[in-house]
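Engineer: Numbering (our numbering), first residue to last: 431 to 666.
Quick one: structure below, then a few questions.
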Ligand code: MN
């Protein structure tokens with residue numbers, strides 16, 4: 431049987447000048463019956479169109495902070511390192527795969543922040559400085575397969591339907607987050623301090639994004655269900 435092919439945005443290591451990948455992203459897709467394919471970062475529009483024809487879905491991975499210029503802000507002193515090649519490639523890929531072709535996509539960590547920005551929202555450049563002084567609960571220490579904080583899942587959202595529960599404990603490794611929500615996004619879950627942790631895009635087949643890291647906790651039932659729903663949304 432042909433497995434659904436899912437393009438995965440590569441991570442970028444500035445020090446090594448190298449593409450890399452966390453195995454959990456690939457394994458989460460594989461375990462759910464998909465075939466993950468790591469994408470090039472230097473692809474131009476024509477190449478991304480070819481890849482979008484080849485892949486049934488795309489996973490937007492975690493990584494560096496999104497360039498504040500993309501939401502018309504100057505970088506504050508507390509903004510972390512950015513990655514211009516990822517900003518460029520992901521903006522093009524999102525435009526082709528999501529906005530033009532309505533492909534299923536899952537965004538994780540940087541992914542939720544990126545989707546929000548590309549759809550017109552803004553970010554807190556540093557949660558502790560701009561959101562809540564106690565935002566340390568969002569930056570846990572390893573191991574990352576231990577929960578760091580709780581979520582309230584909104585009833586009536588597809589995430590609530592999928593998991594069948596109002597609350598979920600998740601891991602957390604981010605210092606930025608959604609400030610103003612893009613108009614086309616719907617909140618599916620919030621952290622106990624009110625921060626947006628899961629969204630979906632309205633009127634799309636499957637455009638979901640999470641602030642936590644299911645790929646670092648593949649043994650959790652919630653992680654399994656989320657990867658399964660993503661792969662199921664992808665045509666074989
Ligand atoms: Mn968090």
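Backbone N, C-alpha and C define an ideal beta-carbon position, used for all residues, glycine too.
Under 8 Å by Cβ, that's how I've got residue 493 and residue 643 pegged, so tell me the actual separation to the nearest angstrom.
Structural biologist: On the chain shown, position 63 is the one that residue 493 refers to. On the chain shown, position 213 is the one that residue 643 refers to. Rounded, the Cβ-Cβ distance is 12 Å, inconsistent with contact.
Engineer: Taking the alpha-carbon positions, what's the residue 551 to residue 579 distance?
Structural biologist: Indexing the chain shown from 1 puts residue 551 at position 121. Indexing the chain shown from 1 puts residue 579 at position 149. Roughly 24 Å between the two C-alpha positions.
Engineer: Looking only at DSSP bridge pairs, what is residue 490 linked to?
Structural biologist: Within the chain shown, numbered from 1, the residue matching residue 490 stands at position 60. Note: residue 490 sits in a beta bridge opposite 537.
Engineer: Any idea if residue 431 is buried or exposed, counting beta-carbon neighbours within 10 angstroms, 16 or more meaning buried?
Structural biologist: Within the chain shown, the letter at position 1 stands for residue 431. Result: exposed.
Engineer: Based on Cα-Cα distance, which residue from 555, 571, 564, 434 lies nearest to residue 499?
Structural biologist: In the chain shown, residue 499 corresponds to position 69, counting from 1. If we check each option's Cα against that of residue 499, 555 comes out closest.
Engineer: Measure the CB-CB distance between residue 532 and residue 632 and report whether it falls below 7 Å.
Structural biologist: Taking the chain shown and counting its residues from 1, the one referred to as residue 532 is at position 102. Taking the chain shown and counting its residues from 1, the one referred to as residue 632 is at position 202. Against a cut-off of 7 Å, the Cβ pair of residue 632 and residue 532 comes out as no contact.
Engineer: Can you list, in chain order, the residues of its chain whose CB lies under 6 Å from that of residue 478, leaving out five sequence neighbours each side?
Structural biologist: As a position in the chain shown, residue 478 is number 48, starting the count at 1. Cβ neighbours of residue 478 beyond the five flanking positions: 522, 523, 526.
Engineer: For residue 535 versus residue 488, is the C-beta distance shorter than 7 Å?
Structural biologist: Here residue 535 refers to the residue found at position 105 of the chain shown. Here residue 488 refers to the residue found at position 58 of the chain shown. In contact: residue 535 and residue 488 (Cβ atoms closer than 7 Å).
Engineer: Would you say the beta carbon of residue 558 comes nearer than 6 Å to a heavy atom of the ligand MN?
Structural biologist: In the chain shown, residue 558 corresponds to position 128, counting from 1. Result no, Cβ not under 6 Å from the ligand MN.
Engineer: Does the beta-carbon distance from residue 583 to residue 619 come in below 7 Å?
Structural biologist: Residue numbering aside, residue 583 sits at position 153 when the chain shown is read from its first letter. Residue numbering aside, residue 619 sits at position 189 when the chain shown is read from its first letter. Yes.
Engineer: What does the alpha-carbon distance come out to for the pair residue 666 and residue 589?
Structural biologist: For the purposes of this step, residue 666 is taken as residue 236 along the chain shown, with counting starting at 1. For the purposes of this step, residue 589 is taken as residue 159 along the chain shown, with counting starting at 1. Distance between the alpha carbons of residue 666 and residue 589: 23 Å.
Engineer: Give me, in chain order, the residues of the same chain whose beta-carbon lies closer than 7 Å to that of residue 519; leave out the 5 immediate sequence neighbours on both sides.
Structural biologist: The residue you call residue 519 lines up with position 89 of the chain shown. Contacts found: 471, 473.
Engineer: Quick check on residue 502: buried or exposed, where buried means 16 or more other Cβ atoms within 10 Å of its Cβ?
Structural biologist: Residue numbering aside, residue 502 sits at position 72 when the chain shown is read from its first letter. Answer is exposed; the Cβ neighbour count stays below 16.
Engineer: So, are the CB atoms of residue 439 and residue 466 less than 7 Å apart?
Structural biologist: Within the chain shown, the letter at position 9 stands for residue 439. Within the chain shown, the letter at position 36 stands for residue 466. Not closer than 7 Å, so no.
Engineer: Between 646, 641, 485, 569, which lies nearest to residue 545 when the distance is taken from Cα to Cα?
Structural biologist: For the purposes of this step, residue 545 is taken as residue 115 along the chain shown, with counting starting at 1. Of the listed residues, the one whose Cα sits closest to residue 545 is 641.
Engineer: Kindly give me the distance between the Cβ atoms of residue 585 and residue 596, rounded to whole angstroms, as I take these residues to be in contact under 8 Å.
Structural biologist: For the purposes of this step, residue 585 is taken as residue 155 along the chain shown, with counting starting at 1. For the purposes of this step, residue 596 is taken as residue 166 along the chain shown, with counting starting at 1. Confirmed, Cβ separation roughly 7 Å.
Engineer: What do you reckon, is the C-beta of residue 605 under 6 Å from a heavy atom of the ligand MN?
Structural biologist: Indexing the chain shown from 1 puts residue 605 at position 175. No, since every heavy atom of the ligand MN falls outside the 6 Å radius drawn around the Cβ of residue 605.
Engineer: If we ignore side chains and look at the alpha-carbon of each, how far apart do residue 433 and residue 460 end up?
Structural biologist: Sequence index remark: in the chain shown, residue 433 carries index 3 (1-based). Sequence index remark: in the chain shown, residue 460 carries index 30 (1-based). C-alpha separation (whole angstroms): 9 Å.
Engineer: Using the beta carbon as the reference atom, which residues fall closer than 5 Å to any heavy atom of the ligand MN, ordered along the chain?
Structural biologist: Here the residues come out as 568, 602.
Engineer: With a threshold of 16 other CB atoms inside 10 Å of the CB of residue 482, please say whether the residue is buried or exposed.
Structural biologist: Position 52 of the chain shown, counting from 1, holds the residue named residue 482. That one is buried.
Engineer: With H, G and I counted as helix, E and B as strand and the rest as coil, what does DSSP make of residue 479?
Structural biologist: The residue you call residue 479 lines up with position 49 of the chain shown. In the structure shown, residue 479 sits in a helix (DSSP, three-state: H, G or I).
Engineer: Among residues of its own chain, excluding the 5 on either side of residue 657, which ones have a beta-carbon nearer than 7 Å to its beta-carbon?
Structural biologist: Translated into the one-based positions of the chain shown, residue 657 becomes position 227. Result list for residue 657: 458, 459, 461, 462, 644, in chain order.
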